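Below is one structure, written out as structure tokens; the observations come after it.
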Amino acid sequence: MIPDALLSLLERLCNVVAVSGDEGEVRQIVLEEVRPHADEVRIDALGNVLAIRRARNGDGLRVMLAAHMDEVGFMLVAEEGDGLYRFETVGSVDERYLVGKPVWVGKDHLPGVIGARPIHLTTPEERSRKLSLESLRIDLGPGRKVELGSWATFATPFRRLGSAVLAKALDNRLGVATVIELFRNAPPQLELQAVFTVQEEIGLRGASVAAYALQPHLGIAVDCTPAHDLPAPEGRENTVYNTRLGAGPAIYRADGATLSDPRLVRFLEEVARRHNIPYQIRQPGGGGTDAGAIQRARAGIPVVSVSVPGRYPHSPATLALLEDWENTLRLLTQALKEFTVEVLEEKRS
Amino acid sequence: MNEILPFLKDLLSLPGLSGYESPVAMRIEEAWSSLADEVRRTRLGSVHAWRFGIAPAPRPRALIAAHMDAIGLMVTQIVEGFLRVTAIGGVDPRILPGQPVIVHGRESLPGVVVMPKAALLPPEIKDEIVPIEHLWVDLGLPATEVEQKVQVGDIVSFATAPMELSGETIAGHSLDNRASVAALTVCLQALRSRTLNWDVILAATVQEEVTMAGARTSAFVEQPTLAIAVDVTFAKGPGANDWQTFELGKGIVLAWGPNIHPAIHRRLKETAEQMEIPYKVEYTPRHSGTDAYAMQTVAEGIPTAVVSIPLRYMHTPVEVVALKDIERAGRLLAEFLCRLDKAFVEALNWS
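Protein chains in written order, with this note's numbering: chain S, 1 to 349; chain F, 350 to 700.
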């Protein structure tokens, strides 16, 4: 079971606005949560939070856990008067998700909406075509003025759906909450470097400088990856599910940014099997996590990614199962406990 | 000024799809009971609030109708715990992906409308708009639990919470036409201290978005001397700026066309002018798209008119209305009703 306190931490993290470049609200929560448990906390030039818990014994292994704080969203880029603003997307957001949604704008989370031409005034032909970003506006109501350059996100309040959660930005507040929890329970035999990164959604930018600065022996990106486990049309087999909800943490072998270190994959699989923790291998394919940037830092760092599967990331509402999150936490907690330098002394394959 | 806001927010937070209006109807009945002489429900479920007049019986009657039903979705199929849906009322499929909803099964189940990626759709759809029959509702529950709690034909309502925007405006789903139900409530409040000659019935009608059966039967039950439909009309805003649209928050709108009796229209205009309530005229050369269309041809025929409230983004879950316009519509109707006298019965005769 996920403890209530951890679930409410996730809720707080999901309900703030922290689009790439504007991670302040998540950073604040992260600092509050990690400071009491850290030997050292710093915020670097880009805004990454680097929290370090030194080894109390052991062989000097340094392990980096990275979770990105930023979420996809919008920036207000032009004013059209009377509370109407043009906006651009930040990170990858399918335009088809924008229409008819409420948004929160800026530090004060001002409510706004993205409306559409009434159906009564459209033709069937028009309704089969996408509404382009250029034609949409964020409407804050007559008379409202906000600073251009303000960020905005979908206004979807966090909610429980039975044993699932539905929220915006579960990608990657699930990762942030996971790394906070792992950091609070850091094992004694290694140095744990918890890195909460900025600007992942626009090109893994925070993680690259964090890895350079901290020089870990290995890195694990903790993220939320899409589960496309919907029924396929006409009774066909779904061959493109990426991951499935309920099948446990997703371990990456290859994505668009990274080839995982086979020793780390093997180690995680062994830990999972030994402790009867369900896991799945994410289908190799596109996409990427902070691991891609960490891997290429300095002379190279062995990495792997572990994600909680979530349906519909980068949309107004992502859905994840608490059991998958719990199993992700179990796997990583156990793996950290058992890590020694020997894992990296094995042959790569 | 914003006395009506808490009640309106209640209305926007309650389901009440066409044909399934009970949740919202009960809240309206409760609010109207303390404002009217008598409240009745019709056989199809419309709520009628009566204020009795003082003219000698048989008194003429005015019926003011605002539909309370909302558009939404209905379950058509269940596959591996995911729901297929169809639209109840006019729903643009483009607003659906990512929309939070409540599925009204054996219990109320929150969920979300989702859009499969291209590889899980018929090849012709690609990255274009996904037709409603290829979208899913995901409840996040195991398939077995979904099978137990949901069946084909269950209704699905939008779950977007109302939001107060700047400039005393409010955003939410079903402001079409709960904004007008709020206006009728403002009218009832204004009538509390006033004496009426005619009997007056304020009605929250059912099923406008699909069949208009509510207004039609309400008009038959009450056989009014005249009837006015109160509804929303298109406000100017992104994507809507032509002659069919009106400024948000700058006044109410009076329709003109074949559904409109000229004497009522004229009286509404005069009353608005005397009360300094700003108004615009909307030209509806054919069907007014309101309950007036249905009420006009009830029984031997009823003189009808339409009072409208401008609303942005109609039939999306983020419709926007200015509270001021709701207030204006309510005050205008109250004054109009108070001025009805014996002479106005004559004025309705064509000559």
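Backbone N, C-alpha and C fix where the C-beta goes; we use that ideal spot for every residue, glycine too. Since the model is a prediction, treat every value here as computed from it, not as a measurement.
Check your understanding: Whose CA, out of F/596, F/531, F/611, F/654, lies closest to the CA of residue 662 of chain F?
Key -> F/596
Review point. Where do the ends of the beta strand (DSSP E) carrying residue 433 of chain F lie?
Key: 431 to 437
Exercise for review: Would you mind stating whether residue 667 of chain F and residue 102 of chain S have Cβ atoms separated by less than 7 Å?
Suggested key: yes
Point to revise | Partner residues on chain F for residue 231 of chain S, Cβ-Cβ distance less than 7 Å | key: 428, 429, 431
Exercise for review: Specify, as a first and last residue, the run of the beta strand (DSSP E) that residue 398 of chain F falls within.
Suggested key: 396 to 400
Review point. Are at least three pairs of beta-carbons, each pair with one atom in the stretch 510 to 530 of chain F and one in the stretch 469 to 477 of chain F, less than 8 Å apart?
Key: no
Review point. Which one or two residues does DSSP pair with residue 553 of chain F in a beta bridge?
Key: F/396, F/415
Practice item. Using a Cβ-Cβ cut-off of less than 9 Å, list which residues of the stretch 432 to 454 of chain F approach chain S; keep chain order. Key: 439, 440, 441, 442, 443, 444, 445, 446, 447, 448, 449
Review point. Got a sec? Which residues, its chain only, sit under 6 Å from residue 186 of chain S by beta carbon, not counting five neighbours each side?
Key: 53, 192
Review point. Which runs of the beta strand (DSSP E), 3 residues or longer, sit entirely within the stretch 17 to 57 of chain S?
Key: 40 to 43, 49 to 53
Point to revise | Identity of the residue in S/112, S/203, S/131, S/314 nearest residue 118 of chain S by Cα | key: S/131
Point to revise | Contacts around residue 380 of chain F, its chain only, beta-carbon distance under 8 Å, and the 5 residues preceding and following it disregarded | key: 356, 534
Check your understanding: Going along the chain, which residues of the stretch 108 to 137 of chain S sit with their C-beta nearer than 9 Å to a C-beta in chain F?
Key -> 110, 111, 112, 113, 114, 115, 116, 117, 118, 119, 120, 121, 122, 127, 128, 129, 130, 131, 135, 136, 137
Check your understanding: If you check the beta carbons only, do residue 314 of chain F and residue 652 of chain F fall under 7 Å apart?
Key -> An answer regarding residue 314 of chain F cannot be provided, because it is not within the stretch 350 to 700 covered by chain F.
Check your understanding: Would you call the CB atoms of residue 604 of chain F and residue 530 of chain F closer than 7 Å?
Key -> no
Exercise for review: Measure the C-alpha to C-alpha separation of residue 616 of chain F and residue 633 of chain F and round it to an integer number of angstroms.
Suggested key: 18 Å
Review point. For residue 487 of chain F, which residues in chain S fall below 7 Å Cβ to Cβ?
Key: 311, 319
Point to revise | 7 Å Cβ shell around residue 96 of chain S - same chain, five flanking residues per side excluded | key: 130
Practice item. Look up residue 292 of chain S in the DSSP assignment and say whether it is helix, strand or coil. Key: helix
Check your understanding: Where residue 350 of chain F and residue 556 of chain F are concerned, what is the direct C-alpha to C-alpha distance, given to the nearest angstrom?
Key -> Confidence in residue 350 of chain F is poor, its pLDDT being 48 and thus under 50, which makes the residue's placement unreliable; the coordinate value appears in the next sentence. Between residue 350 of chain F and residue 556 of chain F, the C-alpha separation is close to 31 Å.
Exercise for review: Could you say which of S/89, S/330, S/173 lies nearest to residue 11 of chain S if we only look at CA atoms?
Suggested key: S/173
Review point. Mind checking whether residue 218 of chain S and residue 63 of chain S have CB atoms under 7 Å apart?
Key: yes
Check your understanding: What's the gap between the Cα of residue 439 of chain F and the Cα of residue 457 of chain F?
Key -> 23 Å
Point to revise | Cutoff 6 Å; reference residue 207 of chain S; Cβ partners in own chain excluding five residues on either side | key: 66, 197, 290, 293, 294
Review point. In three-state terms, what does DSSP make of residue 601 of chain F?
Key: strand
**Study point:** Secondary structure of residue 98 of chain S, DSSP reduced to three states
**Key:** coil
Practice item. Pick helix, strand or coil for residue 350 of chain F, following the three-state DSSP scheme. Key: Per-residue confidence for residue 350 of chain F stands at a pLDDT of 48, beneath the threshold of 50, marking its modelled position as unreliable; no derived number is given.
Practice item. Taking residue 142 of chain S as the query, report the chain F residues whose CB atoms sit under 7 Å from its CB, ordered along the chain. Key: 515, 516, 518, 597, 598
Check your understanding: Hey, quick one: how far does the alpha helix (DSSP H) through residue 377 of chain F stretch, first residue to last?
Key -> 371 to 382
Point to revise | Coarse secondary structure for residue 445 of chain F, derived from DSSP in three states | key: coil
Check your understanding: Going straight from the alpha carbon of residue 110 of chain S to that of residue 205 of chain S, what length do you get?
Key -> 28 Å
Exercise for review: Tell me, please, whether the CB atom of residue 658 of chain F is closer than 7 Å to any CB atom in chain S?
Suggested key: no
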